[in-house]
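Chemist:
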Amino acid sequence: MNSNLIRNFCIIAHVDHGKSTLADRLLDATGAIQEREKKSQFLDNMELERERGITIKAQTVRLNYKASDGLTYQLNLIDTPGHVDFRYEVSRSLAACEGALLVVDATQGIQAQTVANAFEALDHKLALVPVINKIDLPGIDINGCVNQIEETFGLDASHTCLTSAKTGQGVNEVLEAIVKYLPPPRGRVEAPLRALLIDSWFDNYQGVVCLLRIVDGELKKGMHILMMNMNKTHEVLKLGIFDPHPVEVTELKAGDVGFLIAGIRELRDTKIGDTVTNMEKPSGAPLPGFKDIKPIVFAGIYPTDPGQYEALRDALMKLKLNDSSFTYEPETSLALGFGFRCGFLGSLHLEIIMERLEREYSLKLISTAPTVGYQVMTTEGAVKTISNPADFPESQHIEVIEEPYAIVTIITPADSVGAVLKLCQERRGEQQHMEYLTKERVRIQYLLPFSELIFDFHDMLKSCSKGFATLDYELHGYKEGALVKLNILINGDPIDALSVIVHRDNAYNRGREIVGKLRSEIPRQQYEIAIQAAIGNKPIARETIKPVRKNVTAKCYGGDVTRKRKLLEKQKEGKKRMKMVGSVEIPQEAFLSVLKKN
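This is the structure in structure tokens:
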């Protein structure tokens, strides 16, 4: 097809503003799916996506649309996530497109992640078509949304599309706007092959499947290709596109988005962001790939059955192929055995990875408390990045500790401003900026420690704003903080898997919370169990689990009281001996309860 008739575009918006539903309507309007195949969130093919109602992985589909000018256009749609933890997926989609639909909810207006995603699209020099969605709902403010789009992004909103993705109203106008206002691909078919690897996943029968955007040249079946970054060569066995079902093709040309199968069995032989070129006529320079993104939330993942360690390692390798923003490395714990220290982009990312491992690979797992990476300067002058509390040096060896901070942008109703400001202040935040977007909506910016965001900040924000506040964040840098390692001891033995790094001001409350949860979860033994939270050698909180006690005086009735005392003393001595040789078994529920912060 002539590249002037191709449009590569994605849909960007805040969470729940209707991206996936609009994608469904575009599929309907172009006849990509049959009536019997229709279902909501069609491109969200992961069970977890459908349950949670969110998009986790960016999906692609080729649509054929006959426009009002009589020409048939090829539209390559990439459906993107909206949650801030999956922004890396959005950036990969933007790199494969020339334009984007900017979807705004007609009842809510521009939200925090609308702003973040739109500015990222503008940084990629994408053309934007504003789409105001949900116009069928009561309480809409179309003029207000148009003014916000013009004032916030400086866009010409005169060609804004008004739609209801739920009813299908205005969808044809969106298709016409894509054809009219979004540019065609800029690549040349006659140039040497350059294709950007934008995603990959593992198929048990065919090996690694690579999703490509052909920038220049053409890719044909049987061609020998070179992965420029990995310096690996392969023969193309199969090419295809999604329409939305996989369909084999013999070639892909400049502007196309499709998949490649080349019998790649080693997961480490591909890298997302790599440039694929013709081995016989290679391109002189690779394409600018994706930035190597650094995880900012860390947790240990362990199999509950030690025999599943190898299966967990294989599952992590396959997930890493499909999600390059996720990292892992082996680690051991005295309490939990062999496992992996994993890095994530946020707490939701951690939840999703855990659920995917358990569902897709049938693993039973346990996770340690999430933490962030701290910069520790020792008294010897060395600088270490510590993401595992077990590796935290003793206080006498620490010169300075720095923790990561994030710039947090919150858009909230005006009547919730006080509660939101109080929440941010309680989380050690520093206010940077506050402005009224309208009489009813306020944008607040705070500098917050990232460790305060990863537990329950989002839930608390929703609670104090009656569900209406939205947030977006980006990493700002590191600042010095009064941080300490909080050890959890069971009968004097430290449990490394339960150690956490906290701010000194919060250490007492966090210690009380952890020991209180452990007391309710650890079953009673034949002897007394002391649960302590300590900073260094100084205990700051304690709970005691009383022993299970047999009534040894049950048969003693009447007579001298000294006989009862003798039996009780004998029982006491026996319990002391048991305590010396006994070990406390901590159930999985105890570890899990510590993760759930109230």
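With positions in the sequence shown counted from 1, the corresponding number in the numbering used here is that position plus 702. Every residue gets a Cβ at the ideal spot worked out from N, C-alpha and C, and that includes glycine.
Can residue 871 and residue 918 be called in contact, C-beta distance under 8 Å?
Modeler: On the sequence shown, position 169 is the one that residue 871 refers to. On the sequence shown, position 216 is the one that residue 918 refers to. Cβ atoms of residue 871 and residue 918: not closer than 8 Å.
Chemist: According to DSSP, is residue 1092 helix, strand or coil?
Modeler: As a first step, residue 1092 is located in the sequence shown; it is residue number 390 there, counting from the start. Note: residue 1092 maps to helix in three-state DSSP.
Chemist: For residue 883 and residue 956, what's the separation of their Cα atoms in angstroms?
Modeler: The count along the sequence shown starts at 1 and reaches residue 883 at position 181. The count along the sequence shown starts at 1 and reaches residue 956 at position 254. Between residue 883 and residue 956, the C-alpha separation is close to 20 Å.
Chemist: Give the secondary structure of residue 1174 by DSSP, where H, G and I count as helix, E and B as strand, and everything else as coil.
Modeler: By 1-based counting over the sequence shown, the position of residue 1174 is 472. Correct three-state label for residue 1174: strand.
Chemist: Considering only the beta carbon of each residue, do residue 713 and residue 803 sit closer than 8 Å?
Modeler: In the sequence shown, residue 713 corresponds to position 11, counting from 1. In the sequence shown, residue 803 corresponds to position 101, counting from 1. Contact: yes.
Chemist: Helix, strand or coil, according to DSSP, for residue 717 in the structure here?
Modeler: Along the sequence shown, one-based indexing puts residue 717 at 15. The answer is coil: DSSP assigns residue 717 none of H, G, I, E or B.
Chemist: Using only CA atoms, which one of 939, 921, 845 and 1134 lies nearest to residue 909?
Modeler: Within the sequence shown, numbered from 1, the residue matching residue 909 stands at position 207. Here the closest residue by C-alpha is 939.
Chemist: Can you name the residues that DSSP bridges to residue 1136?
Modeler: On the sequence shown, residue 1136 is found 434 positions in, with the first residue counted as 1. 1146.
Chemist: Going along the chain, which unbroken runs of the beta strand (DSSP E) with 3 or more residues stay wholly within the region 1009-1065?
Modeler: 1029-1035 and 1039-1046, all fully within the region 1009-1065.
Chemist: Would you tell me roughly how many angstroms separate the C-alpha atoms of residue 1201 and residue 1213, rounded to the nearest one?
Modeler: On the sequence shown, residue 1201 is found 499 positions in, with the first residue counted as 1. On the sequence shown, residue 1213 is found 511 positions in, with the first residue counted as 1. Taking the straight line joining both Cα atoms gives about 10 Å.
Chemist: With 16 other CB atoms within 10 Å as the buried threshold, where does residue 835 fall?
Modeler: Sequence index remark: in the sequence shown, residue 835 carries index 133 (1-based). Label assigned to residue 835: buried.
Chemist: So, helix, strand or coil for residue 918, using DSSP?
Modeler: Along the sequence shown, read from residue 1 onward, the residue named residue 918 stands at position 216. DSSP places residue 918 in strand when its eight states are reduced to three.
Chemist: Hey, could you find the ends of the beta strand (DSSP E) residue 1210 is sitting in?
Modeler: Here residue 1210 refers to the residue found at position 508 when the sequence shown is read from its first residue. Unbroken run through residue 1210 is the alpha helix (DSSP H), 1209-1223; no beta strand (DSSP E).
Chemist: Can you list, in chain order, the residues of its chain whose CB lies under 6 Å from that of residue 814, leaving out five sequence neighbours each side?
Modeler: Here the question's residue 814 lines up with position 112 in the sequence shown. Contacts found: 1111, 1113, 1172, 1173 and 1174.
Chemist: Give me, in chain order, the residues of the same chain whose beta-carbon lies closer than 7 Å to that of residue 1280; leave out the 5 immediate sequence neighbours on both sides.
Modeler: Translated into the one-based positions of the sequence shown, residue 1280 becomes position 578. At residue 1280 the pLDDT is 49, less than 50, meaning the model places this residue with poor confidence; the figure from the coordinates comes in the next sentence. 1228 and 1229.
Chemist: Among 1126, 798 and 1099, which one has its Cα closest to the Cα of residue 1162?
Modeler: As a working mapping, residue 1162 is identified with position 460 in the sequence shown. Ranking the options by Cα distance to residue 1162, first place goes to 1126.
Chemist: Out of curiosity, what's the CA-to-CA distance linking residue 854 and residue 842?
Modeler: Counted from its first residue, the sequence shown places residue 854 at position 152. Counted from its first residue, the sequence shown places residue 842 at position 140. Approximately 19 Å between the Cα atoms of the pair.
Chemist: Report the rounded CA-to-CA distance for residue 705 versus residue 1019, giving the unit in angstroms.
Modeler: What you label residue 705 is simply residue 3 of the sequence shown in a count that begins at 1. What you label residue 1019 is simply residue 317 of the sequence shown in a count that begins at 1. Looking at the two C-alpha atoms, the distance is approximately 37 Å.
Chemist: Out of 1243, 772 and 951, state which residue places its alpha-carbon closest to the alpha-carbon of residue 1221.
Modeler: Stepping through the sequence shown from its first residue, residue 1221 is reached at position 519. The option with the nearest alpha carbon to residue 1221 is 1243.
Chemist: Starting from residue 849, trace the alpha helix (DSSP H) in both directions and tell me its first and last residue.
Modeler: Stepping through the sequence shown from its first residue, residue 849 is reached at position 147. First-last of the alpha helix (DSSP H) with residue 849: 844-855.
Chemist: Which value, in whole angstroms, describes the spacing of the CA atoms of residue 996 and residue 1027?
Modeler: For the purposes of this step, residue 996 is identified with residue 294 of the sequence shown, where counting begins at 1. For the purposes of this step, residue 1027 is identified with residue 325 of the sequence shown, where counting begins at 1. Their Cα atoms are separated by approximately 7 Å.
Chemist: So, for residue 647: in the same chain, excluding its five sequence neighbours on each side, which residues have a beta-carbon less than 7 Å away from its beta-carbon?
Modeler: With the chain covering only 703 through 1300, there is no way to say anything about residue 647.
Chemist: Please state whether DSSP places residue 1157 in a helix, a strand or coil.
Modeler: If you number the sequence shown from 1, residue 1157 lands on position 455. Of the three classes helix, strand and coil, the one that applies to residue 1157 here is coil, per DSSP.
Chemist: Give me the Cα-Cα distance between residue 1037 and residue 795, rounded to the nearest whole angstrom.
Modeler: If you number the sequence shown from 1, residue 1037 lands on position 335. If you number the sequence shown from 1, residue 795 lands on position 93. Each residue's Cα considered, the two are about 42 Å apart.
Chemist: Between the alpha carbons of residue 1157 and residue 1049, how many angstroms are there, rounded?
Modeler: Against the sequence shown, residue 1157 aligns to sequence position 455. Against the sequence shown, residue 1049 aligns to sequence position 347. C-alpha separation (whole angstroms): 7 Å.
Chemist: In the structure shown, what three-state DSSP assignment does residue 865 receive?
Modeler: What you label residue 865 is simply residue 163 of the sequence shown in a count that begins at 1. Coil.
Chemist: Under 7 Å Cβ to Cβ from residue 1283, same chain only, skipping five residues before and after it: list those, please.
Modeler: Position 581 of the sequence shown holds residue 1283. In this predicted model, residue 1283 has a pLDDT of only 43, less than 50, meaning its place in the structure is not dependable enough to derive any value.
Chemist: For residue 793, does the count of other Cβ atoms within 10 angstroms reach 16, so buried, or fall short, so exposed?
Modeler: Along the sequence shown, read from residue 1 onward, the residue named residue 793 stands at position 91. Buried, since its Cβ has 16 or more Cβ neighbours within 10 Å.
Chemist: Taking all protein chains shown into account, decide if residue 1051 is buried (16 or more other Cβ within 10 angstroms of its Cβ) or exposed.
Modeler: Reading the sequence shown from its first residue, position 349 is the one you call residue 1051. Its Cβ being crowded by 16 or more others within 10 Å, residue 1051 is buried.
Chemist: Over what stretch of residues does the beta strand (DSSP E) that includes residue 701 continue unbroken?
Modeler: Because residue 701 is not part of the residues shown, which for the chain are 703 to 1300, the question remains open.
Chemist: So what's residue 1271 in DSSP terms, helix, strand or just coil?
Modeler: Taking the first residue of the sequence shown as position 1, residue 1271 is located at position 569. Helix, per DSSP.
Chemist: Considering residue 877, what are the terminal residues of the beta strand (DSSP E) in which it resides?
Modeler: Along the sequence shown, read from residue 1 onward, the residue named residue 877 stands at position 175. Segment 873-883 is the alpha helix (DSSP H) holding residue 877; no beta strand (DSSP E) there.
Chemist: Helix, strand or coil: how does DSSP classify residue 1230 here?
Modeler: Taking the sequence shown and counting its residues from 1, one reaches residue 1230 at position 528. In the structure shown, residue 1230 sits in coil (DSSP, three-state: anything other than H, G, I, E or B).
Chemist: Considering just the uninterrupted stretch of the beta strand (DSSP E) at residue 806, what are its terminal residues?
Modeler: As a first step, residue 806 is located in the sequence shown; it is residue number 104 there, counting from the start. Residue 806 -> beta strand (DSSP E) spans 801-807.
Chemist: Can you tell me the Cα-Cα spacing of residue 801 and residue 820, whole angstroms?
Modeler: Within the sequence shown, numbered from 1, the residue matching residue 801 stands at position 99. Within the sequence shown, numbered from 1, the residue matching residue 820 stands at position 118. About 11 Å.
Chemist: Quick one: does residue 880 have its CB under 8 Å from some CB of chain B?
Modeler: No chain B is present in this structure, which holds just one protein chain.
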